[in-house]
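In this note's numbering, the protein residues as written are 285 to 446.
In this text, a Cβ means the ideal position worked out from N, Cα and C, and glycines have one as well.
Here is the structure we will look at.
Put into structure tokens, the structure is as follows:
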């Protein structure tokens, strides 16, 4: 019986040792990730944006800019629309230019040479005390964010992003 127990115990130890990676001290026991060389064709995309934190909004701009670069800023095949309807609306208020001017310069610069557009929900802007003439001129006002997102998907073939 003792021989069977030690044989089972020995087998368990051997099994355990075989399951531990050969280089136990290695920080990458599974190797490293492979990069797929994918060329992305330009697409139509609509972003549903409701982000009142300036740093997180900046990261949204980073994502949109990177996507635009992947699409090679193709104004004929690509369309990237950000539909604004949250607390980020205050960033676009002319009265807040001193506080958010750098963020707005960045946002406006994205609209200059490529397919990126900012559309703002007029209802949400009014709810926050802003009229169209109080919002920076690179923004287009639409009656309602949800309706615009639906229209862009159903009528213009945009893919939804959040």
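Next on the checklist: Between the alpha carbons of residue 414 and residue 377, how many angstroms are there, rounded?
Outcome noted: Within the model, the alpha-carbon separation for residue 414 versus residue 377 is close to 7 Å.
Next on the checklist: Distance check for residue 362 and residue 322, CA to CA, integer angstroms please.
Outcome noted: Approximately 17 Å, taken between the alpha carbons.
Checklist entry - Buried or exposed: which applies to residue 398, given that a residue is buried once 16 or more other Cβ atoms fall within 10 Å of its Cβ? => result So residue 398 counts as buried.
Next on the checklist: Suppose you measure from the CA of residue 305 to the CA of residue 316; what does that come to, to the nearest Å?
Outcome noted: Annotation note: pLDDT 49 at residue 305 (below 50); position unreliable, coordinate value reported separately. Whole-angstrom Cα-Cα distance: 15 Å.
Checklist entry - Can you tell me where the beta strand (DSSP E) with residue 389 in it begins and where it stops? => result In the DSSP annotation of this structure, residue 389 is not part of any beta strand (DSSP E); the continuous alpha helix (DSSP H) holding it starts and ends at 381-396.
Checklist entry - Taking buried to mean at least 16 other C-beta atoms within 10 Å of its own C-beta, is residue 384 buried or exposed? => result It is buried - the Cβ of residue 384 has at least 16 other Cβ atoms within 10 Å.
Item to check | Sequence-distant residues of its chain with Cβ nearer than 7 Å to residue 308 (five each side left out) | outcome: Because residue 308 carries a pLDDT of 46, less than 50, the predicted location of this residue cannot be relied on, and no value is offered for it.
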